[in-house]
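One line per chain: the protein sequences are A and B, in this order.
So for the first sequence, our numbering puts the first residue at 1; every next one is plus one.
So for the second sequence, our numbering puts the first residue at 146; every next one is plus one.
For every residue, glycine included, the Cβ atom is placed at its ideal position computed from N, Cα and C.
Predicted model only: the values in this text are computed from it and were never measured.
Protein chains: 2
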Amino acid sequence: MMFSKSLEYALRAVIYLCNESSEHAKLNINQISTAIDSPEPFTAKILQTLVRRNIIASTKGPGGGFFIDSKAKPIPVIDIVDATDGRSAFERCGLGLKECSESRPCPIHNEFKSYSYKLQNLLTKKTVQDLARGVSEGKSFVTNF
Amino acid sequence: MMFSKSLEYALRAVIYLCNESSEHAKLNINQISTAIDSPEPFTAKILQTLVRRNIIASTKGPGGGFFIDSKAKPIPVIDIVDATDGRSAFERCGLGLKECSESRPCPIHNEFKSYSYKLQNLLTKKTVQDLARGVSEGKSFVTNF
DNA sequence: CCAATAAAGGATATAAAGGTCTTTTTATTG
DNA sequence: CAATAAAAAGACCTTTATATCCTTTATTGG
Ligand code: FES
Ligand code: FES
């Protein structure tokens with residue numbers, strides 16, 4: 001696939017929020033970007049779009065910040081992809097041809113579509129909560145040293 | 146994966162050359178970029194780097210142009226990747242962490258590495274000639290309508 | 001109501017990828 | 001040898017992704 005920086009930061013932030021925040025323990029942008037070691041204003045922009053899409057929540061003012069109600073419905077990873085990069089990388093021709101179809105396939109069409117389908121499937125089944133679990137159990141990390 | 150434009154044009158050009166050129170039937174940059182519908186000067190740059198890497202050959206002067214001796218040794222697709230995009234996308238952390246290792250994996254490390262390994266393997270085994278064969282048999286295409 | 005705090009919004013800056021143009025070098029042919 | 005054809009080389013331009021900055025809006029506690 002090759003994730004954009006926006007998607008990388010979005011995923012790390014959302015996983016972090018999933019473990020560390022709640023309606024009663026909001027985190028401000030400085031806390032988040034410090035934790036996941038991402039550029040603060042850029043991360044703010046990204047989180048804003050996630051809020052607009054109702055993937056995460058936020059409140060303004062003192063004591064405000066971003067949070068995820070982790071008891072809320074599971075968030076498929078593909079939702080974060082849709083919010084940041086969109087799905088065009090999956091749909092276009094892997095060799096950049098204008099048309100991508102079974103009737104006029106490029107030489108990598110079959111492999112590419114098969115992979116592309118499997119990956120979308122995986123991203124749809126896998127939730128942010130699944131990824132967050134590994135982190136909370138100390139098996140994986142979203143932070144640099 | 147997500148190929149760069151350079152890699153897309155490189156692959157289409159090399160596949161085209163594989164079928165349509167030989168030491169005695171060289172193609173100039175105008176013929177190539179017209180055929181594969183790619184920006185001519187940009188494609189020229191890309192082919193220059195492939196020549197420098199001895200993936201394709203070229204001669205200057207009237208009657209000159211680019212060519213592949215198709216009876217020459219098979220060209221693994223990974224060679225084109227190495228020449229254009231390099232392999233860093235395979236090696237870095239999929240979530241952009243500074244370190245990527247078994248001892249400090251991010252939440253997608255295992256899936257990412259497994260996919261990354263399989264893809265590199267596929268690109269190593271699959272040759273440009275394999276891809277060109279489909280095109281010469283009319284089963285696939287490197288050109289737009 | 002006021003001061004402080006924090007996100008939202010919008011304009012702007014920087015870097016990298018993608019693409020073009022001009023000049024130089026090399027080879028061929030009449 | 002001159003004219004021409006073609007790639008090589010290098011400077012330059014454009015667009016998109018990445019990132020920052022500044023102003024506005026909403027919320028809270030005193
Ligand atoms: S035609 Fe290229 S991936 Fe479908
Ligand atoms: S640590 Fe993220 S892919 Fe290895």
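So V81 (chain A) packs on L7 (chain A), CB below 8 Å; how close in whole Å? 6 Å
Beta-carbon spacing of S21 (chain A), I75 (chain A) below 8 Å: The Cβ atoms of S21 (chain A) and I75 (chain A) do not sit closer than 8 Å to each other.
Nearest-angstrom beta carbon gap, L119 (chain A) and C106 (chain A) [assumed within contact, 8 Å]: Not a contact, Cβ separation roughly 18 Å.
Which stretch, first to last residue, makes up the beta strand (DSSP E) that contains F147 (chain A)? This structure cannot settle anything about residue 147 (chain A), because the visible part of chain A is limited to 1 through 145.
Helix, strand or coil: which one does DSSP assign to A217 (chain B)? coil
What would DSSP say about T43 (chain A), mapped onto helix, strand or coil? helix
List, in order along the chain, the chain B residues whose C-beta lies closer than 8 Å to that of L95 (chain A)? F148, E153, L156, R157, V287
Excluding sequence positions up to five away, which residues of its chain have a Cβ less than 6 Å from the Cβ of I191 (chain B)? S151, Y154, A155
Per DSSP, what are the beta-bridge partners of A57 (chain A) in this structure? A:F67
Under 7 Å: does the beta carbon of P39 (chain A) sit that close to some heavy atom of ligand 1? no
Apart from the five residues on each side of it in sequence, which residues of its chain come closer than 7 Å, Cβ to Cβ, to Y16 (chain A)? I32, A35, I36, V142
Consider the C-beta atom of P219 (chain B) and the heavy atoms of ligand 2; say whether any pair is separated by less than 7 Å. Outside the cutoff, so no.
Alpha carbon to alpha carbon, how far is A13 (chain A) from R278 (chain B)? Give it in angstroms, no decimals. 46 Å
Are there any heavy atoms of ligand 1 lying less than 7 Å away from the beta-carbon of L95 (chain A), as far as the coordinates show? yes
Using a C-beta to C-beta distance shorter than 7 Å, which residues of chain B count as neighbours of R104 (chain A)? F286
Whether L50 (chain A) touches A83 (chain A) by CB criterion (8 Å): Yes.
To test your reading of the DSSP string, which unbroken alpha helix (DSSP H) runs of 4 or more residues are found completely within the region 212–277 of chain B? 222–229, 233–236, 254–270
Would you tell me roughly how many angstroms separate the C-alpha atoms of E40 (chain A) and I29 (chain A), rounded to the nearest one? 7 Å
Between the Cα of N111 (chain B) and those of A:T124, A:S140, A:C100, spot the shortest distance and give me the residue it belongs to. Here chain B covers residues 146 to 290 and nothing more, so residue 111 (chain B) does not appear.
Can you name the residues of chain B whose CB is closer than 8 Å to the CB of G134 (chain A)? By Cβ distance, chain B contributes P252.
Counting only beta-carbon atoms, is I56 (chain A) nearer than 8 Å to chain B? no
Look at the Cβ atom of R232 (chain B), then the Cβ atom of C245 (chain B), and state whether they are nearer than 8 Å. No, the Cβ-Cβ distance between R232 (chain B) and C245 (chain B) is not below 8 Å.
Ligand 1 and I202 (chain A): does any heavy atom of the ligand fall closer than 7 Å to the residue's C-beta? Given a span of 1 to 145 for chain A in the structure shown, any question on residue 202 (chain A) remains unanswerable.
Short Cβ contact (8 Å threshold) for K26 (chain A) with G61 (chain A): Cβ atoms of K26 (chain A) and G61 (chain A): not closer than 8 Å.
Residues of its chain near S136 (chain A), where Cβ-Cβ distance is below 7 Å and the 5 sequence neighbours each way are ignored: N19
Suppose you measure from the CA of Q193 (chain B) to the CA of V77 (chain A); what does that come to, to the nearest Å? In a straight line, the C-alpha of Q193 (chain B) is about 41 Å away from that of V77 (chain A).
For N54 (chain A) and K125 (chain A), what's the separation of their Cα atoms in angstroms? Going from the Cα of N54 (chain A) to the Cα of K125 (chain A) covers about 19 Å.
Just to make sure I have the definition right: I need the residues of chain B whose C-beta is within less than 8 Å of the C-beta of L131 (chain A). Which are they? P252, I253
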